[in-house]
Amino acid sequence: MAKSKKGPRILFVTPEISYVSKRLSVDAERLRAKAGGLADVSALLVHGLSSTHQDIHLAVPHYRNLFQDKGSRMHPGKRSR
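What follows is the structure in C-alpha cells.
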C-alpha cells in the first residue's frame, strides 16, 4: 500500500470549545459551548493543530436540541445557576 503524501486526518471531539478558527468553519462565530476551563484548552489545541495545516475536523454536541424541552431551565448561551 502506497503512503499518502497528505498529513493525518484528525477528529477532535470535545463537549466544550470557546473559540473556533474561521479556517475550520464558516459558522465559527456562532460555535461556542463553554462551561469551564476545558473549553479554553480545547480551543488552544484545535487552533494549534490547525496552524500546522493538518486536516482537522471538530465534533461538539448539538446542545440546542438537548434543552428544547419546555421543562428545561437551561437556555443556549446562558449559564444555569
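Residue numbers (my numbering): 184 to 264. Every residue, glycine too, gets a C-beta built ideally from N, C-alpha and C. Predicted, not measured: the structure shown is a model, and the values here were computed from it.
#1: Decide if Ala218 is buried, meaning its Cβ has at least 16 other Cβ atoms within 10 Å, or exposed.
#2: Assuming Ser225 contacts Glu199 under a Cβ cut-off of 8 Å, what Cβ separation, rounded to an integer in Å, is found between them?
#3: Relative to the alpha-carbon of Val243, which residue among Gly231, Ser208 and His236 has its alpha-carbon at the smallest distance?
#4: Residues in the same chain with beta-carbon distance under 8 Å from Asp238, minus the five sequence neighbours each way, listed in chain order, please.
#5: Look up Leu194 in the DSSP assignment and give the residues it is bridged to.
#6: For the alpha helix (DSSP H) that His245 lies in, which residues bound it at each end?
#7: Pop quiz: Val265 and Leu221 are said to be a contact at Cβ under 8 Å. What is the actual Cβ separation, rounded to whole angstroms?
A quick look at the data gives this:
#1: exposed
#2: 6 Å
#3: Ser208
#4: Lys189, Gly190, Pro191, Arg192 and Ile193
#5: His240
#6: Neither: His245 is in no alpha helix (DSSP H) and is coded neither H nor E.
#7: Since the first residue shown for the chain is 184 and the last is 264, residue 265 is missing from the structure and cannot be characterised.
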